Structure formats: structure tokens, C-alpha cells
Amino acid sequence: MQLAPQEVLLNLEIQFSPNLTGEEIALTVESLEVKIRQKHPEIKQIFIEAKSLTAARRYSQPAQ
615 MQLAPQEVLL NLEIQFSPNL TGEEIALTVE SLEVKIRQKH PEIKQIFIEA KSLTAARRYS
675 QPAQ
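Residue numbers for the sequence shown follow the numbering used here, beginning at 615 and rising by one.
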């Protein structure tokens with residue numbers, strides 16, 4: 615979302631691999647934020663939501 619000429623808000627929803635630990639997810643998110651800001655300094659705010667793995671598994675299974 616463009617908030618001003620040089621100010622962007624970025625919202626991401628990411629589904630992580632179910633075999634990652636909480637710490638691995640946190641480190642990945644931190645690394646992703648750094649890389650995004652390096653490449654796009656106009657992005658001032660980043661909100662990253664980890665998509666629920668439980669819900670993803672439930673919806674990916676065949677209906678019974």
C-alpha cells in the first residue's frame with residue numbers, strides 16, 4: 615500500500631514448511647525483512663503473518 619511518495623506498507627502472508635521450528639521461522643522472517651528493506655528502502659512498514667499450518671493441512675486433505 616502506497617502511503618506517501620517514498621513510503622510503502624507491505625503486508626505478507628506466508629505459509630512456512632511444517633518442519634520448521636518457531637526459532638527458524640522467526641529467523642527467516644527477520645532475514646526476509648532485512649533483504650526487503652535493502653532492496654526497497656521506500657518500504658517503511660512490513661507486516662508478515664505466518665499462515666496457519668493446521669488450517670493449511672485441513673484444507674489440503676481430501677473431503678470425507
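Idealized CB from N, CA, C, for every residue including glycine.
Because the structure is a prediction, the values reported are computed rather than measured.
Backbone CA spacing between residue i and residue j [nearest angstrom]
i, j, result
"F630", "Q620", "30 Å"
"Q652", "E644", "13 Å"
"N625", "Q616", "12 Å"
"T635", "A618", "37 Å"
"I685", "E627", "This structure cannot settle anything about residue 685, because the visible part of the chain is limited to 615 through 678."
"V648", "E638", "15 Å"
Opposing strand residues paired with residue i [DSSP bridges]
i, result
"N625", "F661"
Endpoints, the beta strand (DSSP E) within which residue i is located
i, result
"Q701", "Here the chain comprises residues numbered 615 to 678, so residue 701 is not present and cannot be evaluated."
Sequence-distant residues of its chain with Cβ nearer than 6 Å to residue i (five each side left out)
i, result
"K658", "E621"
Same chain only: Cβ atoms within 7 Å of residue i, ignoring 5 sequence neighbours per side
i, result
"E656", "Q620, E621, V622"
"K665", "E627, I628, Q629"
Own chain residues within Cβ distance below 8 Å of residue i, not counting five before or after
i, result
"I650", "L624, I657, I660"
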